[in-house]
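Beneath this line is the structure, given in structure tokens, with notes to follow.
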Amino acid sequence: MNSPDPVIASIVEGHGEVRALHGLLNRLVPHLLPGMYADIQRPHRLPRDRMLKKNHLEHALTIVMTRSPRPTGVLALLDSDDDCPVELARTLHEHAQATHHNVPLVAVAAVREFEAWFLAGAASLAGRAGLPHGLQPPPRPESIRGAKEWLSRQMPPGATYQETAHQPSFAAQFDLDAARAAAPSFDKFCRDVKFLVTGERERHN
Numbered sequence: 009m010n011s012p013d014p015v016i017a018s019i020v021e022g023h024g025e026v027r028a029l030h031g032l033l034n035r036l037v038p039h040l041l042p043g044m045y046a047d048i049q050r051p052h053r054l055p056r057d058r059m060l061k062k063n064h065l066e067h068a069l070t071i072v073m074t075r076s077p078r079p080t081g082v083l084a085l086l087d088s089d090d091d092c093p094v095e096l097a098r099t100l101h102e103h104a105q106a107t108h109h110n111v112p113l114v115a116v117a118a119v120r121e122f123e124a125w126f127l128a129g130a131a132s133l134a135g136r137a138g139l140p141h142g143l144q145p146p147p148r149p150e151s152i153r154g155a156k157e158w159l160s161r162q163m164p165p166g167a168t169y170q171e172t173a174h175q176p177s178f179a180a181q182f183d184l185d186a187a188r189a190a191a192p193s194f195d196k197f198c199r200d201v202k203f204l205v206t207g208e209r210e211r212h213n
């Protein structure tokens, strides 16, 4: 059964992203497009090493495209770690097009890791989960290798950042506009989400 509204499916690599991305997309669509609604489906998890293999990505796409309502677009999201995010996104897109060329798909590689987006919007997380009230984002947050560790160092002694606990919570709270301004890969993510919802590409300055 088809839905009159855009239906977004997604493929993610980690357990934390399953909940975090679902909540983030539900926040982001009305933030980017006031008055717009999109049916955000629960993300499908596919570990990074498998996501980068054509046959495993093909199988994951086949699974999500059999859902009801049928997705009108798919977002694939992974961390770039030390790899080139542009090349990773291009690889995912090419693999998807080879087997599912009729499926609108965008691929986003968060520079370093998903948590770099939290660093970009760190001021809005001040006072939460033990983070100091005066928390400020580091310069060039996407240049930091170890965003999870950076967050842990800001927490009280003995406390550490826990992906499955903190990632969904922080995704529901961090400042979207601040993150978009300071993290180019989050800006790309926002533009790609708008494309999945509207079918129109936003000009990138």
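Going by the numbering used here, the sequence shown opens with residue 9, and the numbers climb by one from there.
Note that the Cβ used here is the ideal one computed from N, Cα and C, for glycine as well.
Do residue j and residue i have their beta-carbon atoms positioned less than 9 Å apart in this structure?
i      : j      : result
Asp87  : Arg50  : no
Ala3   : Ala115 : Because residue 3 is not part of the residues shown, which for the chain are 9 to 213, the question remains open.
Leu139 : Leu100 : no
Ala167 : Ala131 : no
Ile16  : Pro93  : no
Gly81  : Val205 : yes
Ala104 : Ala84  : yes
For residue i and residue j, what's the separation of their Cα atoms in angstroms?
i      : j      : result
Gly142 : Leu113 : 39 Å
Asp13  : Asn110 : 18 Å
Arg75  : His30  : 16 Å
Lys196 : Ala134 : 25 Å
Asp47  : Arg188 : 23 Å
Pro147 : Ser193 : 15 Å
Ser158 : Glu121 : According to the sequence shown, residue 158 is Trp rather than Ser. Taking the straight line from one Cα to the other gives about 12 Å.
Gln181 : Leu60  : 30 Å
Leu40  : Lys62  : 32 Å
Determine the extent of the alpha helix (DSSP H) in which residue i is found, giving its start and end residues.
i      : result
Ala187 : 184 to 190
Ala118 : Taken as a continuous stretch (DSSP letters only), Ala118 belongs to no alpha helix (DSSP H), being part of the beta strand (DSSP E) at 113 to 118.
Leu36  : 23 to 40
Asn63  : 62 to 73
Which residue from the options puts its Cα closest to that of residue i?
i      : options                      : result
Phe126 : Gly81, Pro164, His39, Gln175 : Gln175
His23  : Val15, His52, Ser132, Pro42  : His52
Leu184 : His67, Cys198, Thr107        : Cys198
Pro145 : Glu210, Ala68, Ala190        : Ala190
Looking at the structure shown, is residue i part of a helix, part of a strand, or coil, going by DSSP?
i      : result
Asp90  : coil
His52  : strand
Ala124 : helix
Leu143 : coil
Just to confirm the assignment, what range does the beta strand (DSSP E) spanning residue i have?
i     : result
Ile16 : 15 to 20
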